[in-house]
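*Asks:*
2 protein chains.
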Amino acid sequence: MPRTKAVAEDGRRRHPAAGGYARGDDTRARIVAAALDVFGQYGFGEASTRMLAEKAGVTLPALQYYFDNKEGLYLACAEHITQRMEMRLKALMDETAAALMQRELPRARLTDMLLDFLDRLADIFLGERELEKWTLFIIREQAQPTRAFDLIFDRVMHPVVRACAALVGRLLERPASDREVKLRTLMLIGRIVIFRPARETALRVLGWPDFAGDRLALVKKSLHAQVAAEFSVSRHAKQRGRT
Amino acid sequence: MPRTKAVAEDGRRRHPAAGGYARGDDTRARIVAAALDVFGQYGFGEASTRMLAEKAGVTLPALQYYFDNKEGLYLACAEHITQRMEMRLKALMDETAAALMQRELPRARLTDMLLDFLDRLADIFLGERELEKWTLFIIREQAQPTRAFDLIFDRVMHPVVRACAALVGRLLERPASDREVKLRTLMLIGRIVIFRPARETALRVLGWPDFAGDRLALVKKSLHAQVAAEFSVSRHAKQRGRT
DNA sequence: AACAATATCTATCGTTTGATAGACATTCGA
DNA sequence: TCGAATGTCTATCAAACGATAGATATTGTT
């Protein structure tokens, strides 16, 4: 790759934007991984640059060398989370969109697709330990949105809601942009996602150590029963309205 | 009241545990109110003692005089939140318990009670602006529980879940301690509570400025339809199973 | 091998932090 | 009115913070 200067115009030494040596790439990745842990566990304000550097196994100036400042590292973490989530969700989004190209789908098929969508969402949001460390991060952004939130919303949250709303819209026989469809969709996804911010409450109520394996399967099963009931009666109610 | 010393045994000057003059009570209350705002907006780590003192209109040593340290103020806030929530929820808990003293209640009555329960919960959790500032607080405690969380869980979260589970248990014809009842209950309450941690996502999806007035009514209406459907089919499914 | 570019390090900085000492002000009961 | 108890203030502290300067080490290309 073409060589660039590691010295910025203002004379400060920085990791070249075009990329550097392999060693630098490795160090940068280690810092982000460490930062996700520390920010996730302590939040932005209580995570000190010394904690971050120690966890990453680098010296303090390395944080400035690669990220300009603490805030820059935080945004790099948001970018990382966004990319990781996009990777996981891509197949789900693509398959859902492809399947919905077909105008008329049997109701049972749509319900199956919705249940499968929710199962895979549960696997991603609850089944992966990596998300434990992202919860405080994401929720801090919900409470006081920064530039980091725009990334997460535009590339993760909104696409997930839109894809699910497409399914829900079909089942309710309304456009995905319908307000009731949006509300139903948010509350559908909310039944999975709630175990992240309310994790400790839920674990204590259920007497569970975590949401792994069989316990996650129980969550899915319960949600399946609710969804099957919810969209079964919705159709009956809608048809009674037409008569 | 019997007079006590404002000087602790270690010689440090502190607000007497038994209470002090009216002026001191007023100042303490102002500090807690200010701290709820600041902690709620910035979180524990990013809220400095200088910000807290300024917002309360006191000098720095006042924080130590009344709360020993920053952490002590934080715990005082947790106590305050817990008491405020208990106040709001007391009538709801009492009425629900009293109504369930009656062994056999018509199903329609139980459903109405559940819907009313959820409506009032929505009024408390989403309708009161005061809770906006408590969200970051409560969620930080979910992510990394401290002594503050024990207070909130034991006196607020758990009682709410138990009361709601009692209703859900009746409707599902299972004991409130049943795991499926607990899961259903958590996901029921979750559909309301999710709009707190996922507030910004939900507002952007819905194109709403907030969850006030008519918009809160829309949330309730949507939830009503879901719940009516969910518990209507549950009964049918259960009766078919018996046959 | 040489040298430019990148990467890491030590030492240090100015600022901010949470907290304290002791002086001074106000309140309240006798 | 007086004095004890409570409450507030200024000044200051030690420690920690986020960040920088410039020296030194390593990498990679010619």
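These protein sequence lines map, in sequence, to chains U and Y. With my numbering applied, the first sequence covers 1 to 243. With my numbering applied, the second sequence covers 1001 to 1243. Note that the Cβ used here is the ideal one computed from N, Cα and C, for glycine as well.
(1) Would you check if there are 3 or more beta carbon pairs closer than 8 Å linking the stretch 180-194 of chain U to the stretch 1142-1150 of chain Y?
(2) Looking at F137/U: is its Cβ nearer than 9 Å to the Cβ of A78/U?
(3) In chain U, which residues lie less than 8 Å from G1045/Y when you measure between Cβ atoms?
(4) Below 8 Å on the Cβ atoms is my guess for L1206/Y versus K1133/Y; work out the distance and round it to an integer in Å.
(5) Less than 8 Å between the CB atoms is what I'm expecting for V193/U and I1194/Y, so what's the real figure, rounded?
(6) Assign M1/U to one of two classes, buried (16 or more other C-beta atoms within 10 Å of its C-beta) or exposed (fewer than that).
(7) If you draw a straight line from the alpha carbon of A1166/Y to that of L1100/Y, how long is it in whole angstroms?
(8) Please tell me whether V1227/Y and L1092/Y are closer than 9 Å, where the distance is taken between their beta carbons.
(9) Report yes or no: do three or more beta-carbon pairs, one from the stretch 1197-1211 of chain Y and one from the stretch 1073-1090 of chain Y, lie closer than 8 Å?
(10) For the structure I just gave you, are there three or more beta carbon pairs, one from the stretch 15-33 of chain U and one from the stretch 101-111 of chain U, closer than 8 Å?
(11) For R12/U, which three-state DSSP category applies?
(12) With a threshold of 9 Å between beta carbons, is P1197/Y in contact with chain U?
(13) Starting from Y42/U, trace the alpha helix (DSSP H) in both directions and tell me its first and last residue.
(14) Can you tell me where the alpha helix (DSSP H) holding P1170/Y begins and where it ends?
(15) DSSP has V7/U in a bridge; who is on the other side?
(16) Using three-state DSSP, classify P1061/Y as helix, strand or coil.
(17) Can you give the Cα-Cα distance for A1229/Y and F1117/Y, rounded to whole angstroms?
(18) On the DSSP letters alone, give me the boundaries of the alpha helix (DSSP H) that K70/U sits inside.
(19) Mind listing the chain U neighbours of M1187/Y? Cutoff is C-beta to C-beta under 8 Å, in chain order.
(20) Determine, using beta carbons only, whether R1030/Y and V1058/Y come nearer to each other than 9 Å.
(21) Spatial neighbours of L1121/Y within its chain, please: C-beta separation below 6 Å, excluding the five flanking residues on both sides.
*Replies:* Based on what the coordinates show:
(1) The stretch 180-194 of chain U is not in contact with the stretch 1142-1150 of chain Y.
(2) Going by C-beta atoms, F137/U is nearer than 9 Å to A78/U.
(3) Here the neighbours are Y42, G43, F44, G45, E46 and A47.
(4) About 22 Å; that fails the 8 Å criterion.
(5) Right, the Cβ-Cβ distance comes to about 6 Å (below 8 Å), so this counts as a contact.
(6) Reliability of the predicted coordinates at M1/U is poor, the pLDDT of 34 falling under 50, and no value is obtained from them.
(7) C-alpha of A1166/Y to C-alpha of L1100/Y: approximately 8 Å in a straight line.
(8) The answer is no: Cβ separation not under 9 Å.
(9) The stretch 1197-1211 of chain Y is not in contact with the stretch 1073-1090 of chain Y.
(10) No: the two stretches stay apart, fewer than three of their Cβ pairs being nearer than 8 Å.
(11) Three-state result, R12/U: coil.
(12) The C-beta of P1197/Y comes closer than 9 Å to at least one C-beta of chain U.
(13) Here the alpha helix (DSSP H) through Y42/U covers A22 to E46.
(14) Here residue 1170/Y is Arg; the residue named in the question, Pro, does not match the sequence. H1158 to L1172 is the span of the alpha helix (DSSP H), which, as asked, contains R1170/Y.
(15) Answer is R13/U, bridged to V7/U.
(16) In the structure shown, P1061/Y sits in a helix (DSSP, three-state: H, G or I).
(17) Those two C-alpha atoms are separated by around 17 Å.
(18) From DSSP, the alpha helix (DSSP H) with K70/U extends over K70 to A99.
(19) Against chain U, a Cβ distance below 8 Å from M1187/Y picks out R191, I194, S222, L223 and Q226.
(20) Yes.
(21) Cβ neighbours of L1121/Y beyond the five flanking positions: I1192.
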